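Working notes, structure below.
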Amino acid sequence: MSDQNLILVDEKNNPSGKYAPKRLCHSGKGLTHLAFTLLILNNKNEVLLQDRKHLLW
1 MSDQNLILVD
11 EKNNPSGKYA
21 PKRLCHSGKG
31 LTHLAFTLLI
41 LNNKNEVLLQ
51 DRKHLLW
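Structure, rendered in structure tokens:
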């Protein structure tokens, strides 16, 4: 897993102005951070799924 810093957010999903390493955000209890999901649909409304080659965390 990369050691890139993620933007932390408060309970209302507002950026807190603080950052934390991805490893810390995804360990133990974790830290709430900005993220996004991207869905790709074809003309039949089928969703493209990606199977990761290895576990990231």
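If you read the sequence shown in the UniProt record's numbering, its first letter stands for residue 1, the second for the next number, and so on.
Backbone N, C-alpha and C fix where the C-beta goes; we use that ideal spot for every residue, glycine too.
Only a predicted model underlies this, so the values are computations on that prediction, with no experimental measurement involved.
Pick out whichever of the options has its Cα sitting closest to the Cα of residue i.
| i | options | result |
| --- | --- | --- |
| Pro21 | Asn13, Ala35, Asn14, Leu6 | Leu6 |
Could you name the residues of the same chain whose beta carbon sits closer than 7 angstroms to that of residue i, not counting the 5 residues immediately before and after it, in chain order?
| i | result |
| --- | --- |
| Leu31 | Leu8, Ala20, Leu24, Cys25 |
Quick one: what's got a C-beta closer than 8 angstroms to residue i's C-beta in the same chain, skipping five residues either side?
| i | result |
| --- | --- |
| Pro15 | Ile7, Leu8, Val9, Leu34 |
Which residues in the same chain as residue i place their Cβ atom closer than 6 angstroms to its Cβ, once the five residues preceding and following it in sequence are excluded?
| i | result |
| --- | --- |
| Asn13 | none |
Looking at residue i: is its Cβ nearer than 7 angstroms to the Cβ of residue j?
| i | j | result |
| --- | --- | --- |
| Leu48 | Ile40 | yes |
Only counting runs of 4 or more residues, tell me where the alpha helix (DSSP H) segments fall wholly within the region 6 to 35, in order along the chain.
22 to 25
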